[in-house]
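In the numbering used here, the protein residues as written are 371 to 503. Using N, Cα and C, we set each Cβ at its ideal position, and we do this for glycine too.
Written out as structure tokens, the structure reads:
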């Protein structure tokens, strides 16, 4: 059911908005869920993934593999994880692309900005919980 007249429910328009999104919006769309212990600690479910975060692959062929995020490739909607590489026929190694929705963050690379984001998201969650109670 559609609640807002300002938001389209057209599949075509939503797909176009997603795949033509600028970099600053792709950052937010390329979020990963936090592991259960981090979720309990920060009271936040998901956060945009960044270089330096430690993640575990939760879906697909490489499920269970862990490592640090080496690159966040916004143009291709993927992240590359250290030690998650494939060897090419000529012997060169190439990173395996993984979509951020298929990983869980196990350790955050915290900065001052990121701490304020976590605090803001946690406070917003508390307000929503209070309204529904």
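Where residue i and residue j are concerned, what is the direct C-alpha to C-alpha distance, given to the nearest angstrom?
| i | j | result |
| --- | --- | --- |
| residue 344 | residue 458 | Since the displayed the chain opens at 371 and closes at 503, residue 344 lies outside it and no answer follows. |
| residue 493 | residue 481 | 18 angstroms |
| residue 378 | residue 394 | 21 angstroms |
| residue 471 | residue 441 | 15 angstroms |
| residue 380 | residue 397 | 23 angstroms |
| residue 499 | residue 460 | 55 angstroms |
| residue 452 | residue 382 | 36 angstroms |
| residue 501 | residue 489 | 19 angstroms |
Can the beta-carbon of residue i be found closer than 8 angstroms to that of residue j?
| i | j | result |
| --- | --- | --- |
| residue 399 | residue 474 | no |
| residue 479 | residue 422 | yes |
Below 8 angstroms on the Cβ atoms is my contact criterion, and I expect residue i with residue j to pass it. Report the Cβ-Cβ distance as a whole number of Å.
| i | j | result |
| --- | --- | --- |
| residue 468 | residue 443 | So it is not a contact: roughly 10 angstroms between Cβ atoms. |
| residue 425 | residue 434 | No, residue 425 and residue 434 are not in contact; Cβ-Cβ is about 12 angstroms, not under 8 angstroms. |
With a threshold of 6 angstroms on Cβ separation, who are the neighbours of residue i within its own chain once the five nearest residues in sequence on each side are excluded?
| i | result |
| --- | --- |
| residue 466 | 454, 456 |
Identify, in the order they occur along the chain, each residue of the same chain with its Cβ nearer than 7 angstroms to the Cβ of residue i, setting aside the five sequence neighbours on each side.
| i | result |
| --- | --- |
| residue 401 | 416, 417, 418, 419, 470 |
| field | Runs of beta strand (DSSP E) lying entirely within the stretch 386-445, each at least 3 residues, in chain order | value | Listed in chain order, the complete beta strand (DSSP E) runs (minimum 3 residues) inside the stretch 386-445 are 401-404, 416-418, 424-427, 436-443.
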